[in-house]
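Working notes for the structure below.
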Amino acid sequence: MPDGPGDGLDEGPDTVDGLPVPDEARTPAQRNHDNLAMILHAAAASAGMPQLGSAAPTLVVSVTAEDYVNGTGRARLEGTGGDVPVSVARHTACAGGIQRVLFDERGQIVSIGTTARIFAAVQRRAIVLRDRECVIPGCHVPATWCEIHHVQEHAAGGPTHTSNGVALCWHHHRTLDTSGWQIRMRHGVPEIRGPHWWDPYRSWHRPRTRGGPSRHIPRTLADALGPPG
């Protein structure tokens, strides 16, 4: 098995460098749940959504800085009285953004951060055109329905630009940390390393799509967008 990604030009859409794409392991009920979550996320992110107070409806999650960094504890959903695991808060932050609001001991707002970690619309369009669908082999969710994932986490210094973002469907984005799939960027193009049960050699592979093998942004679009980011 080669160390680098193959071009796969003689392969069908159901193989990646000679490896069959993984079978669907979710039950129909699980798939329906994930599809509904994906639809709701895409609808909430739509520019056509109604606004409240000049801003799009926003899910507010409260969590201590220590718990967020450590991935432990619970996060509170403001306005609901409920809470969720911190892992859910971290996934929400990766798909959207974090806005830090600092209070003093009296409860006065003393600092409001920005949401600069969110991919801009022009960046998202470029990533959607490059990836075409979820980058995990065997998943054909169109990239337009996907979330944009920071390959190098923003909290670890990863930049918010096209060379650090990939399209992941709601299901694969939510399970990336536990599924065994790994992603890296090579010359601005994503490469995937699967779990041991899929590829015992743990080689890096360039994802394929049903639309064709290329994931490079056309030169005309690259010129129009300018430098990444």
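At position 177 of the sequence shown the residue is numbered 284 (this note's numbering), and the sequence of numbers has no breaks.
Note that the Cβ used here is the ideal one computed from N, Cα and C, for glycine as well.
Burial is judged here by how many other beta carbons sit within 10 angstroms of a residue's own beta carbon; Gln230 has at least 16 and is buried.
Residue pairing by DSSP puts Ala274 in a beta bridge opposite Ile255. The DSSP-derived three-state label of Glu260 is coil. Cβ neighbours of Asp174 within its own chain (closer than 6 Å, five residues either side excluded): Gly180 and Val193. In the DSSP assignment, the residues bridged to His312 are Ile299. Closest in C-alpha terms to Thr187, from the list Asn177, Val176, Gly178 and Ser169, comes Ser169.
Taken through DSSP and simplified to helix, strand or coil, Ile234 comes out as helix. DSSP places Pro192 inside the beta strand (DSSP E), whose first and last residues are Asp190 to Pro192. For the pair Gly295 and Thr269, the Cα-to-Cα distance works out to about 7 Å.
The straight-line gap separating the alpha-carbon atoms of Ala227 and Ala233 is approximately 10 Å.
A distance below 9 Å separates the beta carbons of Pro266 and Gln259. Of the residues Ser286, His148, Ala196 and Leu147, the one whose Cα lies closest to the Cα of Thr171 is Ala196. Residue environment for Glu185: exposed (fewer than 16 other C-beta atoms within 10 angstroms of its C-beta). Note: Ile225 is not bridge-paired with any residue in the DSSP secondary-structure output.
With contacts defined as CB atoms closer than 9 Å, Glu254 and His140 fail to qualify as a contacting pair. With a contact defined as Cβ atoms closer than 8 Å, Trp252 and Cys276 qualify at about 7 Å.
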